[in-house]
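Let me begin by presenting the structure, written as structure tokens, before commenting on it.
Numbering (the numbering used here), first residue to last: 5 to 272.
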């Protein structure tokens, strides 16, 4: 009888020690855990409640946090207006929907001109070195493109440079009836340039308006003629629509469509 009691006592002590050991291991494991070990669902829930400025800061902590921040970042957010400093590298971004201004130090932009923006990416050009490159001001990622001399810094791209379908496009006139069309994709070693005959006059200049919309590049010439380039078929045409007699015109993309805005001044 005494021997049976000793066995039961020993078994109870073994079970107790085992529970203590497991509890200690769990406690030590919890103590070793960091913020980066948060479950993805919980992390996305927290980040989704942050303002854009804080979302951007969270995205640079680590790869997991970057993925979570990008996944919950508002897709249909109003475009940010970018203000350029007269001196220094401190750029301001104004959010019209929240009426807030965010400031970012961007020394990478020194000596560069912004040619086009899309999907959170800037396409920049350095005239002195003819360097063309993409830059994301939020992730600080840079993607280089082959050097190219942009006569008027008029160039656009179809989508984010991280996409395989991204293509850059620029056009300049050789004569009123001949234009040189140049294209390039991120990762290629050089630009491809071809001369194309125009049926209608098309004169490019620094005042050209260039926009990509619904698979096509639209380019408004200095004199108001509208040229269209199809990157899939590699075709160029100038629309047979007489340009309006207006001192100023604009070619913005609104609601997924390219729109021609005219400025008319009347004297009374």
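We treat Cβ as the ideally placed atom computed from N, Cα and C, and that holds for glycine.
As the structure is a prediction and not an experimental result, all values here were calculated from the model.
- Compare the Cα-Cα distances from residue 131 to each of 118, 125 and 141 and report the closest residue. By one-based count along the chain shown, residue 131 stands at place 127. Nearest C-alpha to residue 131: 118.
- Query: Can you list, in chain order, the stretches of the beta strand (DSSP E) that have 3 or more residues and sit fully within the stretch 171-233?
  - Reply: 172-179, 182-188, 196-201, 213-217 and 220-224
- Under 9 angstroms between C-beta atoms of residue 158 and residue 145: The count along the chain shown starts at 1 and reaches residue 158 at position 154. The count along the chain shown starts at 1 and reaches residue 145 at position 141. No, the Cβ-Cβ distance between residue 158 and residue 145 is not below 9 angstroms.
- Query: Where does the unbroken beta strand (DSSP E) through residue 96 begin, and where does it stop?
  - Reply: The residue given as residue 96 occupies position 92 in the chain shown. Counting along the chain, the beta strand (DSSP E) containing residue 96 begins and ends at 94-99.
- Query: Closest to residue 124 by CA distance: which of 94, 60, 104 and 197 is it?
  - Reply: Sequence index remark: in the chain shown, residue 124 carries index 120 (1-based). When only C-alpha atoms are compared, the closest one is 60.
- Taking C-alpha atoms, which residue in 184, 44, 220 and 202 lies nearest to residue 196? In the chain shown, residue 196 corresponds to position 192, counting from 1. Of 184, 44, 220 and 202, the residue nearest in Cα terms is 184.
- Does the distance from the CB of residue 220 to the CB of residue 199 come in under 9 angstroms? As a first step, residue 220 must be located in the chain shown, where it is residue number 216. As a first step, residue 199 must be located in the chain shown, where it is residue number 195. No.
- Assigned secondary structure, residue 121 (DSSP; H/G/I helix, E/B strand, else coil): Residue 121 sits at position 117 when you count from the first residue of the chain shown. The answer is strand: DSSP assigns residue 121 an E or B state.
- Query: Roughly how many angstroms lie between the CA atoms of residue 90 and residue 96, to the nearest whole one?
  - Reply: For this step, residue 90 is matched to residue 86 along the chain shown. For this step, residue 96 is matched to residue 92 along the chain shown. If I take the Cα positions, the gap works out to 12 angstroms.
- Under 9 angstroms, do residue 161 and residue 120 count as touching if we go by C-beta distance? Here residue 161 is taken as the residue at index 157 of the chain shown, counted from 1. Here residue 120 is taken as the residue at index 116 of the chain shown, counted from 1. Against a cut-off of 9 angstroms, the Cβ pair of residue 120 and residue 161 comes out as a contact.
- Query: How should residue 174 be labelled, buried or exposed, when 16 other C-beta atoms within 10 angstroms of its C-beta is the threshold for buried?
  - Reply: Numbered from 1 along the chain shown, position 170 holds the residue referred to as residue 174. Classification of residue 174: buried, given that the 10 Å Cβ count is 16 or more.
- Do you know whose CA, among 191, 180, 111 and 41, lies nearest residue 170's CA? Here the question's residue 170 lines up with position 166 in the chain shown. Answer by Cα proximity: 191.
- Item | Where residue 112 falls: helix, strand or coil (DSSP) | Walking along the chain shown from the start, residue 112 turns up at place 108. Correct three-state label for residue 112: helix.
- Message: Which of the three DSSP states is assigned to residue 239 in this structure?
- Response: As a first step, residue 239 must be located in the chain shown, where it is residue number 235. Reduced to three states, the DSSP call for residue 239 is strand.
- Just confirm the distance between the C-beta atoms of residue 242 and residue 230, as a whole number of angstroms; I'd bet it's less than 8 angstroms. Numbered from 1 along the chain shown, position 238 holds the residue referred to as residue 242. Numbered from 1 along the chain shown, position 226 holds the residue referred to as residue 230. So it is a contact: roughly 7 angstroms between Cβ atoms.
- Query: How big is the Cα-Cα spacing for residue 76 and residue 180?
  - Reply: Counted from its first residue, the chain shown places residue 76 at position 72. Counted from its first residue, the chain shown places residue 180 at position 176. If I take the Cα positions, the gap works out to 49 angstroms.
- Query: By a C-beta neighbour count over all protein chains shown, 10 Å radius and 16 as the cutoff for buried, is residue 272 buried or exposed?
  - Reply: Stepping through the chain shown from its first residue, residue 272 is reached at position 268. In this prediction, residue 272 has a pLDDT of 40, which is less than 50 and means its spatial position is unreliable; what the coordinates show is noted afterwards. So residue 272 counts as exposed.
- Report yes if the CB atom of residue 166 is closer than 9 angstroms to the CB atom of residue 64, and no otherwise. By one-based count along the chain shown, residue 166 stands at place 162. By one-based count along the chain shown, residue 64 stands at place 60. Result no, Cβ atoms of residue 166 and residue 64 do not sit closer than 9 angstroms.
- Query: According to the Cβ coordinates, are residue 73 and residue 44 closer than 9 angstroms?
  - Reply: Position 69 of the chain shown, counting from 1, holds the residue named residue 73. Position 40 of the chain shown, counting from 1, holds the residue named residue 44. Against a cut-off of 9 angstroms, the Cβ pair of residue 44 and residue 73 comes out as no contact.
- Could you have a look at residue 158 and say whether DSSP puts it in helix, strand or coil? On the chain shown, position 154 is the one that residue 158 refers to. In the structure shown, residue 158 sits in coil (DSSP, three-state: anything other than H, G, I, E or B).
- Measure the Cβ-Cβ separation of residue 138 and residue 154 and say whether it is below 9 angstroms. Residue 138 sits at position 134 when you count from the first residue of the chain shown. Residue 154 sits at position 150 when you count from the first residue of the chain shown. No, the Cβ-Cβ distance between residue 138 and residue 154 is not below 9 angstroms.
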